[in-house]
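Chemist: Residue numbers (this note's numbering): 11 to 419.
We treat Cβ as the ideally placed atom computed from N, Cα and C, and that holds for glycine.
Given the structure is predicted, the values throughout are model-derived calculations rather than measurements.
Here it is, the structure, as structure tokens.
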Ligand SMILES: *Cc1c(COP(=O)(O)O)cnc(C)c1O
């Protein structure tokens, strides 16, 4: 049976790797080689012409590999295996961090005089990248509040020289959701072309499928759920247009930010369990969020299944399959109560990052979001009473006990 006719859980284990090319190894070996021997000088000439876009490789023609900064077997394998996990994707490119993926997308698509529209809040590093690298290049950058469908539609319609719309949904740490399909529809109405990129780190690839909602690019910090064990840094860009990924790969070979062989191999071994892990983490989080919402010391629990705003409920139901594993707690006792809670945890650890098997908790205002101005914090709805929890795969009753005892002191 051909690999593209099986379901994702099967494809992730069967495509991208042919044991006959690796002395029969059942799992892909690690190819630690910086350079590759050409089969002939003519093959070298053809490989260079194809790599730099001077010729198209023929159908069924396999170009010789050249040099590991351009690509290497472990990158090709993991890229092939990522594709079936993202509905609508036809190609993937791997990077050595989520930030490397995001910066490559921006530098590939934005030129001086062009513009980007983005949702606020963004991941701290992405926000910093736009403020301190993209804007000084002479690129206009316009924020729109997460969840403001009308504001986003208007910004897309009105911004001249718009090239890129970057949506991060749900927003971190408030989990406010932005309507991907509405952003896509607004872009299609423009006469001049712009692309829609979605940072899908928080709910993808299991629970949210932006390419099927009209996005052109899906970006991941694979450091989070894709990697899943908090032991590697990686980034991924996926698209339904193969040509878009080819452009990202060309820039990647100039910036030198391809994911290295060992990291590709580790990431590859995690892909077949990403859906299992995310489902378990989401179930755990849902049970915990529901119970903590009733606790007298808690002012509010931010979690998708607890949304009450009708517009947010509409977007959630239209574009997400499960609520995911991030919970933000807002304490009645302000920052002291938030810090006491973090100090008293014994199972969950006080650390930034998310998506790993182990539960982590942090105080966004003083850590992940400490670079936002007071105005941006207010717009993003982030305050000093909040703690963000990334729920892992521990038994949910043990985690709930840990949270309840940390709450009661
Ligand atoms: C972590 C994260 C990033 C950055 O990824 P790195 O792998 O740390 O470079 C970008 N976006 C989101 C939503 C993230 O959570």
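If I'm right that residue 211 touches residue 108 with Cβ under 8 Å, what's the distance once you round it to whole angstroms?
Modeler: 7 Å
Chemist: I believe residue 95 touches residue 22 by the beta-carbon criterion, under 8 Å. Please report the beta-carbon distance rounded to the nearest angstrom.
Modeler: 6 Å
Chemist: Let me know if residue 47 comes out buried or exposed under the rule of 16 or more other beta-carbons within 10 Å of its beta-carbon.
Modeler: Exposed, since its Cβ has fewer than 16 Cβ neighbours within 10 Å.
Chemist: Beta-carbon within less than 7 Å of residue 352's beta-carbon, same chain only, minus the 5 sequence neighbours each way: which residues are those?
Modeler: 360, 371, 373 and 397
Chemist: Count the other CB atoms within 10 Å of the CB of residue 412; is the residue buried (16 or more) or exposed (fewer)?
Modeler: buried
Chemist: Is residue 255 closer than 8 Å to residue 54 when the C-beta atoms are compared?
Modeler: no
Chemist: Where are the alpha helix (DSSP H) runs, 4 residues long or more, that stay fully inside the segment 227 to 269, in chain order?
Modeler: The alpha helix (DSSP H) runs lying completely inside the segment 227 to 269 and spanning 4 residues or more are 252 to 265, given in chain order.
Chemist: When you compare only the Cα positions, how much space is there between residue 229 and residue 347?
Modeler: 35 Å
Chemist: Any heavy atom of ligand 1 closer than 7 Å to the beta-carbon of residue 231?
Modeler: yes
Chemist: Apart from the five residues on each side of it in sequence, which residues of its chain come closer than 7 Å, Cβ to Cβ, to residue 89?
Modeler: 102, 103 and 104
Chemist: Residues bridged to residue 372 by DSSP?
Modeler: Looking at the DSSP assignment, residue 372 forms a beta bridge with 398.
Chemist: Taking 7 Å as the cut-off, is the CB of residue 92 close to at least one heavy atom of ligand 1?
Modeler: Result no, Cβ not under 7 Å from ligand 1.
Chemist: Exposed or buried, residue 363, counting other C-beta atoms within 10 Å across all chains shown (16 or more means buried)?
Modeler: exposed
Chemist: Residue 138: buried (16+ other C-beta within 10 angstroms of its C-beta) or exposed?
Modeler: exposed
Chemist: Might you give, ordered along the chain, the residues of its own chain that have their beta carbon closer than 8 Å to the beta carbon of residue 379, omitting 5 neighbours on each side?
Modeler: Around residue 379: 131, 134, 183, 387, 390 and 392.
Chemist: What is the DSSP secondary structure of residue 338, counted as helix, strand or coil?
Modeler: strand
Chemist: Give a yes or no on whether the C-beta atoms belonging to residue 3 and residue 247 are separated by under 8 Å.
Modeler: Absent from the structure is residue 3, since the part of the chain shown begins at 11 and ends at 419.
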